[in-house]
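The next block holds one structure in the form of C-alpha cells; read it before the comments.
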Amino acid sequence: MLQIPIKHDDSRSCVDDIVVAIADWYGCDYQLMFSESWEFEFTAGSIILPREDKRYDLIGKYHRLKMTFHDAENAEQLIQKIMDELKEGRPIAIYIDTFWCPWYVGKFQEVHSDHFCIVLGYDEEKGAFYCIDGQMSTTPVELPVQMLKEGYDNYIAFRLTEDNEPEWDWQEIIMKAVDSIGLQNKDNNMFSSMTDFASYLNEGFNMSNEIHGYENEPSLAPIFQQLKKVNRGRKQFAIALGYIAEKKGIDELQVISDRLNKAGDIWISIYGMLIKSLYIDNPKQITGRISKKVMEISDIERSIAEDLVKISSGAYAEDTDSSSQESLYSSDFLLSDYCYVNLDKHFNNQGFSKDLTPACKAEFSNIGKYFIDDGLSEKREWAVEYMKFR
C-alpha cells in the first residue's frame, strides 16, 4: 500500500488537498497552480467565479506534475485502471458520491454530493480499496468495491513530466493576474463588480430567495458557497505570491501575500456576518454593514493590485524608499526575518455552546461546527502567556 501523508487546509478544496499531497509525495512544487485564483465577478444577482479546474492545467505548466481527468466508461474499466496504476506504484484519485462513501460521516447513506479521494491500495480478501482524503480521513479507510460501483464517476491520473522545474517569468505571472481582474479597465473590472455586489446587498438582497431549496442547510446555498470560494481564491493567490517571493528573493511580494491573506480573512468574515443574518429579526441591519465592508475590501484589493503593478515594473521600491515611508520601520528592520503565520484555525468565527444540538446557533461560518465549553473557565476574559482574550 502506498504511504502518502495528507492534510486539509481551509484554503483548499478536497481535490486541492489531494493534488498538494501527491505533489509533495512526488517531491515537486505546486504553488503556482494558484496563480490565477484571484478573481471576482458579480452579474445578474450572482457571484460568478471561473472553473476551479483551471488550476490543474497550471500545475503542469509551472511545475512537474501533470494531471488528467478521465471519465470512466463503467465500473469495471475504472477498477482495472486503479489496479494498473497501483501495480506501477502510482497513486490515483477517484470521484465518489458521498452517499456511497463510508467514512463521510453525516453524508454516507444520507446526502448525494461530490467528493474525491486517493486510492492507496487494495485488499483482495476484503474486496476493498484503501483510500484517504484531506477532509474526512487522513489515515487509510476501506472503500468496498460494491460501494465504489455504486458511487463512481471520473478519475484523475498523475504523471511527472520533467526532471527539472520548468522555467517561468514571475512578472508575466503577476501581470496576467492583474490583467484578469481588469485593473486597467475603468468601467468593467473586479472592483466595479464588488460595487455592484455591495449595492445588491444594500438594496436587492433577499435571504429567502438566496437560500430557497437549502432551508435545512443554508450554508450550502450558492451565495455562501461562492463567498467561501472568494476567500479561498485570495488565500491561494497569496500562496502563489509567497512562493514567487521566496524563489525570486522579492521581499515586497511577501508583504503583498500577507495583505492578500488578510483580505481573504475579511471575505470569510463577510460570509460569517451573512450567516449570522439568518438568525436575527432585522437582517437588513447586518446586510447594510456587509455592504460597507465589501466596499472597504474593494479599496484594499485595488491597492494590492496597484502595488503588484509597481513591483513588476520596479516602481514599488522607489515608492517605499521615499521619506514618507522611512519612519515606518527601524533602521535594522529586515523583512526577511519575518514570516506570515496563518491563524485561521484559531480565529474562525466558531462560537461556544454548552449544548450539543443541531439547533445550536453558536457557529457562524460553516453550520454544524462549534466548540463545546465543557470544563472551560467561566471568566469572560482569559490571560494566557501575557496575552488577554475576551
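Numbering-wise (the numbering used here), the sequence shown opens with residue 8 and increments by one. All residues carry an ideal CB built from backbone N, CA and C; glycine is no exception. This structure is a prediction, so every number in the text was calculated from the model and none was measured.
- [ ] Following the continuous beta strand (DSSP E) through Phe-76, name the residue where it begins and the one where it ends.
- [x] Its beta strand (DSSP E) spans residues 72–78.
- [ ] For the beta strand (DSSP E) containing Thr-149, list its first residue and its last residue.
- [x] According to the sequence displayed, residue 149 carries Glu and not Thr. Note, Glu-149: beta strand (DSSP E), 144–151.
Task: Simplified DSSP state of Ala-100, which is helix, strand or coil - done: strand
TODO: Would you decide whether His-2 is buried or exposed? Buried here means 16 or more other CB atoms lie within 10 Å of its CB.
DONE: The structure shown does not extend to residue 2, since the chain spans only 8 to 397, so no value can be given for it.
Task: Inter-residue Cα distance where the pair is Arg-166 and Gln-243 - done: 23 Å
Open item on the list: Between the alpha carbons of Glu-398 and Ile-307, how many angstroms are there, rounded?
Closed with: Given that the chain is displayed from residue 8 to residue 397, the structure contains no residue 398 and the question cannot be resolved.
TODO: Identify whether Val-301 lies in helix, strand or coil by the three-state DSSP scheme.
DONE: Of the three classes helix, strand and coil, the one that applies to Val-301 here is helix, per DSSP.
- [ ] Work out the CA separation of Cys-108 and Met-154 for me, nearest whole Å.
- [x] Taken atom to atom, the span from the alpha-carbon of Met-154 to that of Cys-108 is near 7 Å.
- [ ] Compute the Euclidean distance between the alpha carbons of Phe-204 and Gly-52, then round it to the nearest angstrom.
- [x] Between Phe-204 and Gly-52, the C-alpha separation is close to 8 Å.
Task: In DSSP terms, what Glu-313 is bridged to - done: Answer is none; Glu-313 lacks a bridge partner.
Open item on the list: Quick check: the Cα distance between Arg-266 and Ile-311, rounded to an integer number of angstroms?
Closed with: 8 Å
Task: DSSP three-state assignment for Cys-35, whether helix, strand or coil - done: coil
Task: Through-space distance from Tyr-250 to Glu-169, alpha-carbon basis - done: Roughly 20 Å between the two C-alpha positions.
Open item on the list: Buried or exposed for Gln-38, going by 16 or more other Cβ atoms inside 10 Å?
Closed with: Classification of Gln-38: buried, given that the 10 Å Cβ count is 16 or more.
- [ ] Starting from Tyr-159, follow its DSSP beta bridges and name the residues at the other end.
- [x] Ile-103
Task: Per-residue DSSP class, three states only, for Glu-333 - done: In this prediction, Glu-333 scores a pLDDT of 42, lower than 50, which makes its location untrustworthy; the coordinate-derived value is nonetheless stated afterwards. Three-state result, Glu-333: helix.
Open item on the list: At the level of alpha carbons, what is the spacing between Val-148 and Ser-276?
Closed with: 34 Å
Open item on the list: My output table needs one value for Cys-108: the three-state DSSP class, helix, strand or coil.
Closed with: Reduced to three states, the DSSP call for Cys-108 is coil.
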